[in-house]
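Chemist: Below you will find the structure I want to go over with you.
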Amino acid sequence: MLRRTFVGIVSAAALTLGLGGAVSAQETMKVGLILPMTGPFASTGRQIEAAAKLYMQQNGDTVAGKKIQLIVKDDTGVADVTKRLAQELIVNDKVGVIAGFGLTPLALATAPLATQAKVPAVVMAAATSTITEASPFIVRTSGTLPQNAMPMAEWASQNGIKKVVTLVSDYGPGIDAEKAFSGAFTKAGGQVENLRVPLQNPDFSPFLQKVADAKPDALFVFVPSGVGAQFMKQFVERGLDKGGIKLIATGDVTDDDILNGMGDVALGTITTHYYSAAHDSPENKAFVDAFKKANNGMRPNFMAVGGYDGMHLIYEGLKKTNGAGGQALVDAMKGMSWTSPRGPITIDPQTRDIIQNVYVRKVERVNGELYNVEFATIEDVKDPVKAAKSN
Amino acid sequence: MQDKPFMSSLTTDEVATSLRRKGRWGLGEVLFWLAAAATLFFLPERHLILNEIAIIGLFAVSLDLILGYAGIVSLGHAAFFGVGAYVAGIFAKEMTGDPLTGLAVAGVAAALLGFATSFLVLRGADLTRLMVTLGVALVAGEIANQASWLTGGADGLQGIMMGPLLGMFEFDIFGTTAYAYSLVVLFVLFVVARRIVHSPFGLSLRSIRDNSLRARAVGIPVNRRLVAIYTISAAYAGIAGGLLAQTTQFVSLDVLAFHRSADVLLVLVIGGVGYLYGGLIGAVIFKVLQDILSSMTPQYWQFWIGLILVVLVLAGRERLTERARFLAGRLFGRSAGAPRTAPAREGRP
């Protein structure tokens with residue numbers, strides 16, 4: 002009896018879920034947005050979802066005669082769940098595009114599916130260089146770690162920094178950042194020592210002690226979006242800010258979402274990144290204002306801009322293909338270029354990765370709030386890893 | 006409520022009869038498996054999640070063997086699940102993509118780890134066991150993280166290519182082969198587990214659980230029995246992990262994470278401890294709830310899951326199942342007071 006009741010519940014649930022998918026006609030284009038909405042990387046999901054919804058609100062939900070329907074799924078940041086959700090979205094909901102992907106493993110787990118089902122996958126967050134090589138259907142609107150880390154190395158060597166310790170999270174993007182930074186910095190004549198912290202539940206203090214002992218000119222850091230605040234706190238607790246060690250990082254550490262909460266300790270941190278909410282352009286001002294208004298004052302970060310541009314890419318791609326998906330849509334996305342809130346960007350037709358400006362920024366107080374204020378621009382940066390391969 | 010104590014005054018014949026009676030397949034059980042088999046044909050759109058349910062169900066059965074029947078509490082059962090998943094994944098990548106061979110290897114590897122760590126679990130009482138099992142899982146997780154040349158580290162093990170099942174059935178994108186495969190494996194292992202718990206061996210486990218001193222006094226080799234069941238349970242968990250690796254063709258560090266151990270404990274608590282179907286029913290409820298709630302509110306579903314769990318515990322699952330059993334008994338004309346296989350063991354973790 003009880004058992005059958007459960008079976009009944011299961012079937013009823015399955016039916017309702019199944020029907021929900023079947024009702025829509027062929028004139029809709031479904032976009033499956035798979036994001037970590039709960040768990041340690043929930044901020045990534047929240048930002049991207051908000052940005053995607055904002056884009057649809059601003060640009061309407063009809064493109065090339067098709068109604069765009071966004072289906073948001075929570076993968077909790079767990080790779081096998083991401084893969085299952087993607088599979089369900091493709092098989093049951095018949096989505097035309099899958100998008101999102103908060104972390105590298107999540108994108109890599111899903112890559113074979115995109116290839117198998119010929120469904121374009123728009124990576125809006127994950128930043129390991131190799132992701133776009135995992136499937137010919139992957140297009141990226143976030144950025145890669147080497148793209149941000151190499152300009153940092155160049156800036157450091159030009160600004161009197163001779164010895165650097167790198168501290169990165171021990172997974173794909175972290176290792177990418179470490180390699181890119183170390184390679185470029187040693188080539189410019191600098192000296193580098195590498196440290197890696199675990200991705201899950203990082204405790205930075207033992208590593209920071211090592212840094213204090215090594216007495217470098219600067220400490221280069223990469224941690225994923227959201228973890229920066231914790232790092233900053235321990236950096237100050239160890240007194241490293243007073244020890245004359247300059248803090249340089251990729252923009253992930255001084256993430257706009259949490260920067261203001263870090264307090265004065267973050268002041269003066271030099272970072273390189275593709276997006277700052279303080280970027281001075283009319284497009285960005287409009288974007289930041291609209292985003293804040295729609296989300297209770299939440300400041301957009303680079304995840305949000307990745308999601309916003311990802312939706313733009315999908316919209317423009319569909320316009321170009323007149324609503325067709327699959328291979329045609331990926332082809333239409335290749336080489337597309339526009340002015341995003343972050344500045345001019347282009348989808349590299351060869352690698353399907355993004356070409357964008359990288360800015361050197363410094364944390365400053367502007368109108369009472371902390372911002373990454375840009376003071377130098379390196380234009381049209383391609384992913385250095387893939388650029389090196391093609392040469 | 007406790008099971009009737011195993012009285013030494015029962016004659017061998019009476020024990021044998023009682024075991025046989027409990028071991029008989031009830032109508033409800035047959036219906037349960039028929040319904041499960043029916044989902045293969047009638048719910049083609051949900052095979053992916055059903056596959057996950059079958060795997061978690063098997064994992065929960067594995068935990069129930071030690072927790073519900075032998076009274077060994079564990080917060081680190083994911084160690085065996087994860088080892089099974091990694092072994093199956095690496096085996097498929099490096100040796101052969103044949104699923105059944107890989108699954109056997111995964112089970113054996115997890116059993117070996119289970120056997121080796123069972124001696125740690127023998128020492129101490131519940132709290133020690135919680136800590137030891139938790140520790141074993143943490144160690145396994147860190148090894149997998151550090152050995153990134155073998156496991157892919159935090160990026161996950163990629164490039165697993167599975168061969169066709171039995172050389173005939175390719176794993177398809179709809180998850181049908183995967184689900185059929187997992188369901189059959191679950192069924193076979195369930196039958197074996199059922200046989201185990203209804204055997205004299207299973208009975209001796211229960212007497213150890215209820216009073217290990219007395220069990221020792223009547224001549225049951227307590228430690229040997231516990232080592233045996235712990236090893237069997239580890240093999241089960243390893244096979245569940247192997248199934249996950251083979252059917253998703255991806256393994257991430259997450260298979261060894263603490264939340265896997267916690268989730269499976271939760272599943273078991275929802276469904277019922279010391280009752281093999283408890284794990285399966287719990288897995289169905291847990292996954293279906295999670296799926297429905299998380300598609301309704303991707304951001305806040307965990308709140309609702311938590312709330313439902315609290316309500317479930319407050320209302321008393323034991324009482325709910327008791328009532329359902331009573332009704333079932335009335336409906337099928339069986340006596341409601343028939344001997345129960347599931348002793349209520351409230352107040353234990």
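So the sequence lines, in the order shown, correspond to chains A and B.
Residue numbering for the first sequence follows my numbering, beginning at 2 and increasing consecutively.
Residue numbering for the second sequence follows my numbering, beginning at 6 and increasing consecutively.
Just so you know, even glycine gets a beta-carbon here, dropped at the ideal spot from N, CA and C.
All figures in this text were calculated on a predicted structure; none of them were measured in a lab.
Quick one: what does DSSP say Tyr162 (chain A) is sitting in, helix, strand or coil?
Modeler: If you number the first sequence from 1, residue 162 (chain A) lands on position 161. According to the sequence displayed, residue 162 (chain A) carries Ile and not Tyr. Ile162 (chain A) falls in the coil class under three-state DSSP.
Chemist: Can you pull the chain A neighbours of Leu53 (chain B), defined as C-beta to C-beta under 7 Å?
Modeler: Along the second sequence, read from residue 1 onward, the residue named residue 53 (chain B) stands at position 48. Per Cβ cutoff of 7 Å: Arg85, Gln88 and Glu89.
Chemist: Alpha carbon to alpha carbon, how far is Asn358 (chain A) from Phe47 (chain B)?
Modeler: Your numbering for residue 358 (chain A) matches position 357 in the first sequence. Your numbering for residue 47 (chain B) matches position 42 in the second sequence. C-alpha separation (whole angstroms): 53 Å.
Chemist: Establish whether the CB of Gly103 (chain A) and some CB of chain B are separated by less than 8 Å.
Modeler: Within the first sequence, the letter at position 102 stands for residue 103 (chain A). Not closer than 8 Å to any Cβ of chain B, the Cβ of Gly103 (chain A) fails to qualify, so no.
Chemist: Please look up how many angstroms separate the CB atoms of Gln295 (chain B) and Thr39 (chain A), rounded, as I've assumed it's under 8 Å.
Modeler: As a working mapping, residue 295 (chain B) is identified with position 290 in the second sequence. As a working mapping, residue 39 (chain A) is identified with position 38 in the first sequence. No, Gln295 (chain B) and Thr39 (chain A) are not in contact; Cβ-Cβ is about 11 Å, not under 8 Å.
Chemist: In chain order, which continuous runs of the alpha helix (DSSP H) of length 4 or greater are located wholly inside the stretch 267–336 of chain A?
Modeler: Runs of the alpha helix (DSSP H) inside the stretch 267–336 of chain A: 283–295, 303–322 and 327–334.
Chemist: Where does Asp18 (chain B) sit, in a helix, a strand or coil, going by DSSP?
Modeler: The residue labelled residue 18 (chain B) in the question sits at position 13 within the second sequence. Asp18 (chain B) falls in the helix class under three-state DSSP.
Chemist: With a threshold of 8 Å between beta carbons, is Trp154 (chain B) in contact with chain A?
Modeler: The residue given as residue 154 (chain B) occupies position 149 in the second sequence. Closer than 8 Å: no.
Chemist: CB-CB under 8 Å to Met30 (chain A), same chain, minus the five flanking residues each way: which ones, in chain order?
Modeler: As a first step, residue 30 (chain A) must be located in the first sequence, where it is residue number 29. Result list for Met30 (chain A): Val64, Lys67, Lys68, Ile69, Gln70, Gly97, Val98, Leu319, Gly324 and Gly326, in chain order.
Chemist: Residues in its own chain within less than 7 Å of Met57 (chain A) by CB, not counting five upstream and five downstream?
Modeler: As a working mapping, residue 57 (chain A) is identified with position 56 in the first sequence. Ile69, Leu71 and Met312, listed in sequence order.
Chemist: State yes or no: is the C-beta of Tyr91 (chain B) within less than 8 Å of the C-beta of Arg214 (chain B)?
Modeler: As a working mapping, residue 91 (chain B) is identified with position 86 in the second sequence. As a working mapping, residue 214 (chain B) is identified with position 209 in the second sequence. No.
Chemist: Could you give the distance in angstroms between the alpha-carbon of Leu86 (chain A) and the alpha-carbon of Asn160 (chain A)?
Modeler: Here residue 86 (chain A) refers to the residue found at position 85 of the first sequence. Here residue 160 (chain A) refers to the residue found at position 159 of the first sequence. Approximately 47 Å between the Cα atoms of the pair.
Chemist: Out of B:Val260, B:Phe192, B:Gly334 and B:Leu248, point me to the one whose CA is closest to Met167 (chain B)'s CA.
Modeler: Working through the second sequence from its first residue, we reach residue 167 (chain B) at position 162. It is B:Leu248.
Chemist: Does the stretch 268–285 of chain A touch the stretch 189–197 of chain A, meaning 3 or more C-beta pairs lie closer than 8 Å?
Modeler: Not touching, per the Cβ criterion.
Chemist: Residues bridged to Tyr360 (chain A) by DSSP?
Modeler: For the purposes of this step, residue 360 (chain A) is taken as the residue at position 359 of the first sequence. Tyr360 (chain A) pairs with A:His274 and A:Thr378.
Chemist: Is Gly103 (chain A) near Pro37 (chain A), with beta carbons less than 8 Å apart?
Modeler: The count along the first sequence starts at 1 and reaches residue 103 (chain A) at position 102. The count along the first sequence starts at 1 and reaches residue 37 (chain A) at position 36. It is a contact, given that the beta carbons lie within the stated cut-off.
Chemist: Which runs of the alpha helix (DSSP H) at least 4 residues long sit entirely within the stretch 188–273 of chain B? Give them in chain order.
Modeler: Within the stretch 188–273 of chain B, the complete alpha helix (DSSP H) runs of at least 4 residues are 205–215, 217–222 and 227–253.
Chemist: Mind listing, in chain order, the continuous beta strand (DSSP E) runs of no fewer than 3 residues lying wholly within the stretch 24–61 of chain B?
Modeler: For the stretch 24–61 of chain B, not a single whole beta strand (DSSP E) run of length 3 or above is found.
Chemist: Based on Cα-Cα distance, which residue from A:Trp339, A:Pro217 and A:Pro301 lies nearest to Gly245 (chain A)?
Modeler: Here residue 245 (chain A) corresponds to residue number 244 of the first sequence, with the count starting at 1. The shortest C-alpha separation from Gly245 (chain A) is found at A:Pro217.
Chemist: Roughly how many angstroms separate the alpha carbons of Val92 (chain A) and Glu57 (chain B), rounded to a whole number?
Modeler: As a first step, residue 92 (chain A) must be located in the first sequence, where it is residue number 91. As a first step, residue 57 (chain B) must be located in the second sequence, where it is residue number 52. Cα to Cα, the separation comes out at about 16 Å.
Chemist: Got a sec, what are the start and stop residues for the alpha helix (DSSP H) Ala108 (chain A) sits in?
Modeler: What you label residue 108 (chain A) is simply residue 107 of the first sequence in a count that begins at 1. Unbroken alpha helix (DSSP H) run through Ala108 (chain A): Thr105 to Ala118.
Chemist: Between the stretch 92–118 of chain A and chain B, which residues of the former have a C-beta closer than 8 Å to a C-beta of the latter?
Modeler: So the close ones are Val92, Asn93, Thr105, Pro106, Leu109, Ala110, Pro113, Leu114, Gln117 and Ala118.
Chemist: Name the residues in the stretch 181–203 of chain A whose C-beta lies less than 7 Å from a C-beta of chain B; which are they?
Modeler: Those residues of the stretch 181–203 of chain A that come within reach of chain B (Cβ to Cβ, closer than 7 Å) are Pro199 and Leu200.
Chemist: Measure the C-alpha to C-alpha separation of Thr44 (chain B) and Tyr372 (chain A) and round it to an integer number of angstroms.
Modeler: One-based indexing of the second sequence puts residue 44 (chain B) at position 39. One-based indexing of the first sequence puts residue 372 (chain A) at position 371. Taking the straight line from one Cα to the other gives about 55 Å.
Chemist: Among the residues of its own chain, which have a CB less than 6 Å from the CB of Val306 (chain A), if the five just before and after it don't count?
Modeler: Taking the first residue of the first sequence as 1, we reach residue 306 (chain A) at position 305. Correct list, in chain order: Tyr276, Pro342 and Arg343.
Chemist: How would you label Ala26 (chain A), buried or exposed, when you count the other beta carbons within 10 angstroms and need 16 or more for buried?
Modeler: Residue numbering aside, residue 26 (chain A) sits at position 25 when the first sequence is read from its first letter. Interpretation of Ala26 (chain A) is limited by its pLDDT of 46, a score under 50 that renders its predicted location unreliable; no figure is taken from the coordinates.
Chemist: So, using beta-carbon positions, are Tyr241 (chain B) and Ser67 (chain B) closer together than 8 Å?
Modeler: As a first step, residue 241 (chain B) is located in the second sequence; it is residue number 236 there, counting from the start. As a first step, residue 67 (chain B) is located in the second sequence; it is residue number 62 there, counting from the start. It is a contact, given that the beta carbons lie within the stated cut-off.
Chemist: Please check the pair Val166 (chain A) and Gly175 (chain A), which I expect to be a contact at CB under 8 Å, by giving their CB distance rounded to whole angstroms.
Modeler: Counted from its first residue, the first sequence places residue 166 (chain A) at position 165. Counted from its first residue, the first sequence places residue 175 (chain A) at position 174. Their Cβ separation, rounded to whole angstroms, is 14 Å, which puts Val166 (chain A) and Gly175 (chain A) out of contact at 8 Å.
Chemist: So, at 8 Å on beta carbons, what are the nonlocal neighbours of Gly112 (chain B) in its own chain, with the 5 sequence-adjacent residues on each side left out?
Modeler: Translated into positions along the second sequence, residue 112 (chain B) becomes position 107. Within the same chain, Gly112 (chain B) has close Cβ partners Gly89, Ala240, Tyr241, Gly243, Ile244 and Gly247.
Chemist: So which residues of chain B does Lys74 (chain A) contact, with C-beta pairs closer than 8 Å?
Modeler: One-based indexing of the first sequence puts residue 74 (chain A) at position 73. Here the neighbours are Ser299, Ser300 and Pro303.
Chemist: Taking DSSP's pairing of strands, which residues face Val133 (chain A) in a bridge?
Modeler: Locating residue 133 (chain A) in the first sequence gives position 132, counting from the first residue. In the sequence under discussion, the amino acid at residue 133 (chain A) is Thr, which differs from the Val named in the question. Its beta-bridge partners do not exist; DSSP assigns none.
Chemist: Rounded to whole angstroms, what is the Cα-Cα separation between His280 (chain A) and Ala41 (chain B)?
Modeler: Walking along the first sequence from the start, residue 280 (chain A) turns up at place 279. Walking along the second sequence from the start, residue 41 (chain B) turns up at place 36. Straight-line Cα distance between these residues: approximately 57 Å.
Chemist: Using a Cβ-Cβ cut-off of 8 Å, state whether Ile178 (chain B) counts as contacting chain A.
Modeler: By 1-based counting over the second sequence, the position of residue 178 (chain B) is 173. Yes - at least one Cβ of chain A is within 8 Å of the one on Ile178 (chain B).
Chemist: Just tell me which of A:Val386, A:Pro203, A:Ala154 and A:Val73 has its CA closest to the CA of Ala185 (chain A).
Modeler: The count along the first sequence starts at 1 and reaches residue 185 (chain A) at position 184. Minimum Cα distance to Ala185 (chain A) is reached at A:Ala154.
Chemist: According to DSSP, is Asn373 (chain A) part of a helix, a strand, or is it coil?
Modeler: Start at 1 with the first residue of the first sequence, and residue 373 (chain A) comes out as number 372. Of the three classes helix, strand and coil, the one that applies to Asn373 (chain A) here is strand, per DSSP.
Chemist: Tell me which residues of the stretch 337–357 of chain A have at least one Cβ-Cβ distance to chain B shorter than 7 Å, keeping chain order.
Modeler: Listed in sequence order: no entries.
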